[in-house]
Amino acid sequence: HLETLTKVDIVGNQRLCEGVRSFLKDWSRGEKEKVKSYEGMLSYALEGKPASSDLYVFRLCGRIIGLYIVGRLSEQACGLYCAITSRDYKGQTETLDVRTFNLLVHAGYRKVLIGGSENKGVFQYLRKFRCSLRSCDAHSVLYSTEREHGLVLDNLSD
Numbered sequence: 205h206l207e208t209l210t211k212v213d214i215v216g217n218q219r220l221c222e223g224v225r226s227f228l229k230d231w232s233r234g235e236k237e238k239v240k241s242y243e244g245m246l247s248y249a250l251e252g253k254p255a256s257s258d259l260y261v262f263r264l265c266g267r268i269i270g271l272y273i274v275g276r277l278s279e280q281a282c283g284l285y286c287a288i289t290s291r292d293y294k295g296q297t298e299t300l301d302v303r304t305f306n307l308l309v310h311a312g313y314r315k316v317l318i319g320g321s322e323n324k325g326v327f328q329y330l331r332k333f334r335c336s337l338r339s340c341d342a343h344s345v346l347y348s349t350e351r352e353h354g355l356v357l358d359n360l361s362d
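Below, the structure written as structure tokens:
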């Protein structure tokens, strides 16, 4: 049974917060820079203003298998800053990505800006989901300084 936990379920639940942090450390395989980077995002999502970010944690049989951190850019646009899945099952990443995109659409987002890897592979990966994302515009983006929502968002598909 795949369970979806949100920020509401996690904030204030010490055991779940520790479980998410433990999942992050296991996923990073000891790479301190990865842990530091994602730990900052996680802390912001857990401690920041309630409306500024969303957090989705997926558990299978009580075990965390996915962590997604989303920042609100506007009423209908968000940035997907963290999309981490365990390496346990074939197709797991795609399944959790589609589920997350659907959760974002149901939350009212119509534009999902995806950064991080900033390479052509991200755009090609997103193309696989075109038929699943008809009600949501997903783009891989480059991060820089200010232009839109305080960020420069350049579509890599151009």
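So in the numbering used here, the last one in the sequence shown is 362, and the numbering has no gaps at all. Ideal Cβ placement from N, Cα and C applies to all residues, glycine included. Owing to the predicted nature of the structure, the values given are computational and were not obtained by experimental measurement.
So residue i packs on residue j, CB below 8 Å; how close in whole Å?
i, j, result
"Leu277", "Leu317", "7 Å"
"Leu300", "Val224", "Contact doesn't hold; Cβ gap of about 15 Å is too wide."
"Leu209", "Val261", "4 Å"
"Cys282", "Leu308", "6 Å"
Helix, strand or coil for residue i? Go by DSSP, reduced to three states.
i, result
"Gly275", "strand"
"Asp292", "coil"
"Gly223", "helix"
Suppose you measure from the CA of residue i to the CA of residue j; what does that come to, to the nearest Å?
i, j, result
"Lys240", "Tyr285", "14 Å"
"Gly216", "Ala249", "12 Å"
"Ala287", "Arg233", "16 Å"
"Leu206", "Ser256", "26 Å"
"Gln218", "Phe227", "14 Å"
"Leu220", "Ile214", "6 Å"
"Thr304", "Lys236", "27 Å"
"Ala311", "Glu279", "10 Å"
In terms of residues, what are the limits of the beta strand (DSSP E) holding residue i?
i, result
"Val316", "315–318"
Residue range of the alpha helix (DSSP H) that residue i falls in?
i, result
"Val215", "Here Val215 belongs to no alpha helix (DSSP H), and DSSP marks it neither H nor E."
Checking contacts by CB at 7 Å: is residue i closer than that to chain D?
i, result
"Asp301", "The chain labelled as chain D is not found in the depicted structure, where only one protein chain is given."
Exercise. In chain order, which beta strand (DSSP E) runs of at least 3 residues are fully inside the stretch 226–274?
Worked result: 257–264
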